[in-house]
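Student: The structure that follows is given in the form of structure tokens.
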Amino acid sequence: MEALILWGACLFAVAGLLLRPWQLPEALWTSLAAITLPLAGVIAWPDVGRAIASGKEVYLFLLGMMLLSEVARQEKLFDWLAAFALSRARSSGQRLFLIIFAVAIVTTAFLSNDATIILLTPPVIAVASKARIDPYPSLLACAVVANAASFLLPISNPANLVLYGGAPPGLVPWLGRFLVPSCMAIGISFVMLFWMMRQRIKVEFDQSEPLPELDATARFSALALFVITLLLTLVSFMHGSLGWATAAGGVALYAVITLRRRQSPLPGLSEISWSVFPLVASLFVLVAAVEQSGVIALLVRLILACGHGTEAVMVTGFGMAILSNIINNLPSGLMAAQLAPMLSSHGSAFQDALLIGVDLGPNMTLSGSLATVLWLIILRKHDLEMSYGRFMRFGMALTVPALIAALLVLMI
56 MEALILWGAC LFAVAGLLLR PWQLPEALWT SLAAITLPLA GVIAWPDVGR
106 AIASGKEVYL FLLGMMLLSE VARQEKLFDW LAAFALSRAR SSGQRLFLII
156 FAVAIVTTAF LSNDATIILL TPPVIAVASK ARIDPYPSLL ACAVVANAAS
206 FLLPISNPAN LVLYGGAPPG LVPWLGRFLV PSCMAIGISF VMLFWMMRQR
256 IKVEFDQSEP LPELDATARF SALALFVITL LLTLVSFMHG SLGWATAAGG
306 VALYAVITLR RRQSPLPGLS EISWSVFPLV ASLFVLVAAV EQSGVIALLV
356 RLILACGHGT EAVMVTGFGM AILSNIINNL PSGLMAAQLA PMLSSHGSAF
406 QDALLIGVDL GPNMTLSGSL ATVLWLIILR KHDLEMSYGR FMRFGMALTV
456 PALIAALLVL MI
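According to the numbering used here, the stretch in the sequence shown is residues 56 to 467, in order.
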């Protein structure tokens, strides 16, 4: 009976996360599923508390990144960047696509994949409208890069902190393990997307819009964001707490900008998705219950049954990628965090393959990551559509070769 309740709760949570019945917040469904487990005796209340507390670093990181993103949104820094891309493109659709792809890489690397979607997608839509060109090539670039570049640095994806229990490897070990696979994934994704969009970006457009001026506070915000990202990189290099550092940077910058603008902090704070905290906390509880059921240990045995070479690493990476597209990479990342310690004794390539599957794999479908779900919501707000099947055709063509290449590099 306990197993039935556990898997019923997990199915309920995943369905609520992906489908959002009656447009109610995702956190409501995952929280209801999580609270059912201790009430039914599937998991003890102390274990619930420990599971929630284990996500402290992730909560702090999310808080900091959301505050930094809100500052960038309020100061219209990415509206300026999009306008700058339009002016530098010199009327060339191909050049505009390339610049936006590059901006998305930098944004994802230093502000996380969700920030790329939230901050860059609306300005890209506005720029395409002004230039009277097809917005979809540049929009797809935002969505693809948000996942493909999300393991370039430890701070590029909250899932990176989740998988390493809030304590990812330092910057140098991280780059040693993930720089080449990440560059392979980004490069192949670019080549494939450029090829598929080649006719649609081979356009010329009128470039008559002047570059908007940034006031003194906006320029200060841009400089402060740059300094904070450098400091976060230094913290990563020194094996410090990325959660605390990101939260401190976000709170400090938001407070300073609010004081400089002499405005209430409440309107900006109301724009932050606070529901993400109960959402993530409830997922920690669900995965803790799954681990206690013995399923994680079974998955480890199945992976190791494939051996310890390239085949096993491929199975690990692709298995996690497929799972991420079925249940979203938030819960799959938490499952990977439970798998990682059990596999790490058999070689670091297994743990690295788990992370690549969780980060890159979601490019296959619209439901694979929170970033692509947010991207779709933004498109619909602007009366733009992207069907599940259409995105999947692009996603599979991009992701399968990128994932193969990234996983193969791990074995070199």
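Using N, Cα and C, we set each Cβ at its ideal position, and we do this for glycine too.
(1) Give me the Cβ distance between I283 and L123, rounded to the nearest whole Å; I'm assuming they're in contact under 8 Å.
(2) How big is the Cα-Cα spacing for G71 and F446?
(3) For a test of the three-state rule: what should DSSP assign to E440, helix, strand or coil?
(4) Suppose contacts are defined by Cβ-Cβ distances below 8 Å. Is T176 in contact with L153 by that definition?
(5) Around the Cβ of F270, are there at least 16 other Cβ atoms within 10 angstroms (buried) or fewer (exposed)?
(6) Considering only the beta carbon of each residue, do V298 and F116 sit closer than 8 Å?
(7) Reducing DSSP to helix, strand and coil, say where S319 ends up.
(8) Can you tell me the Cα-Cα spacing of W329 and I432, whole angstroms?
(9) For L266, tell me which candidate among M247, F156, A144, V306 has the shortest Cα-Cα distance.
(10) Rounded C-beta distance between G412 and F373? I'm assuming under 8 Å.
(11) Kindly indicate the opening and closing residues of the alpha helix (DSSP H) around P333.
(12) Among the residues of its own chain, which have a CB less than 6 Å from the CB of F405, if the five just before and after it don't count?
(13) If you reduce the DSSP assignment to three classes, tell me which class E326 lands in.
(14) Give the DSSP-derived three-state secondary structure of E81 in the structure shown.
(15) Using a threshold of 8 Å, state whether the C-beta atoms of V368 and L462 are closer than that.
(16) Between M293 and E259, what straight-line distance do the alpha-carbon atoms span, to the nearest angstrom?
(17) Among all the DSSP beta bridges, which residues are the ones paired with S147?
(18) Under 7 Å Cβ to Cβ from S422, same chain only, skipping five residues before and after it: list those, please.
(19) Start and end of the alpha helix (DSSP H) containing S237?
(20) Please work out which residues of its chain come closer than 6 Å, Cβ to Cβ, to V340, disregarding the five sequence neighbours upstream and downstream, and give them in chain order.
(21) Along the chain, where does the alpha helix (DSSP H) containing G63 start, and where does it finish?
(22) Could you check what DSSP says for S205 in three-state terms: helix, strand or coil?
(23) Is it buried or exposed for V179, if we count other Cβ within 10 angstroms and need 16 for buried?
(24) What span of residues does the alpha helix (DSSP H) with K131 cover, start to end?
(25) Around the C-beta of P417, are 16 or more other C-beta atoms found within 10 angstroms, so that it is buried, or is it exposed?
(26) Could you compute how far the alpha carbon of V430 sits from the alpha carbon of I173?
(27) Taking the Cβ atom as the reference point for each residue, do G119 and A302 lie within a distance shorter than 8 Å?
Tutor: Concretely, from the data shown:
(1) Yes, they are in contact, since the Cβ atoms of I283 and L123 sit about 7 Å apart, within 8 Å.
(2) If I take the Cα positions, the gap works out to 21 Å.
(3) Note: E440 maps to coil in three-state DSSP.
(4) Cβ atoms of T176 and L153: not closer than 8 Å.
(5) The sequence shown places Asp at residue 270, not Phe. By the neighbour-count criterion, in which 16 or more other beta carbons inside 10 Å mark a residue as buried, D270 falls on the exposed side.
(6) First, the amino acid is wrong: residue 298 is Gly here, not Val. Contact flag set, yes.
(7) Correct three-state label for S319: coil.
(8) Their Cα atoms are separated by approximately 17 Å.
(9) The alpha carbon of L266 has as its nearest neighbour, out of M247, F156, A144, V306, the alpha carbon of A144.
(10) F373 and G412 do touch by the CB rule: their CB atoms are close to 7 Å apart, below 8 Å.
(11) For P333, the uninterrupted alpha helix (DSSP H) segment begins and ends at 331-347.
(12) Within the same chain, F405 has close Cβ partners T371, L398.
(13) DSSP places E326 in the coil class of the three-state scheme, outside both helix and strand.
(14) Note: E81 maps to helix in three-state DSSP.
(15) A contact, by the Cβ cut-off of 8 Å.
(16) Cα-Cα distance, rounded: 47 Å.
(17) As a beta-bridge residue in DSSP terms, S147 pairs with E259.
(18) Exclusion of the five residues before and after S422 leaves L73, N380, N383, V428 as the residues of its chain whose Cβ lies within less than 7 Å of its Cβ.
(19) Bounds of the alpha helix (DSSP H) holding S237 are 226-251.
(20) Answer for V340: A89, V103, A106, listed in chain order.
(21) Where G63 is concerned, the enclosing alpha helix (DSSP H) stretches over 57-74.
(22) Judged by DSSP in its simplified three-state form, S205 adopts coil rather than helix or strand.
(23) It counts as buried.
(24) Note, K131: premise wrong, no alpha helix (DSSP H); not H, not E.
(25) Burial call: buried.
(26) Per the sequence presented here, residue 430 reads as Trp, with Val not at that position. Take the alpha-carbon of W430 and the one of I173: they are about 7 Å apart.
(27) Cβ atoms of G119 and A302: closer than 8 Å.
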